[in-house]
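Here is the structure we will look at.
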Amino acid sequence: GDCFGSALVAEGWGTFMYVDNDIFGVGPEGQNANAWRFKGQSNSLTAPDGSTVGYAGHIGWRETAARDFDRTSVIVNVH
């Protein structure tokens, strides 16, 4: 079925993790900077055709000296 206009790829249970840390020495004037990391994964999702699929993905963000946000890493794997 559709999910907000997008075709369903797979559904099922997985894990999701959120970490909020500080990175030292890279913020404005060298002080701490905020950093966030999100990670999701599952090896037991069911596709519309009944096959089992999995995914793993993460994204990292860091606050820059300009009080903007810098993406530090992004990876998504579907299998």
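Okay, so the sequence shown: first residue is 2 according to the numbering used here, each after it adds one. Here a beta-carbon is modelled for each residue, glycine too, at the ideal position from N, C-alpha and C. Computed from a predicted model, the values in this text were never measured in an experiment.
Checking the DSSP bridge columns, you'll see Trp37 partnered with Asp21, Trp62. Within 10 angstroms of the beta-carbon of Glu64 lie 16 or more other beta-carbons, which makes it buried.
Ser7 and Arg38 have their C-alpha atoms roughly 26 Å apart.
Under the three-state reduction of DSSP output, Val10 falls in the coil class, being neither helix nor strand.
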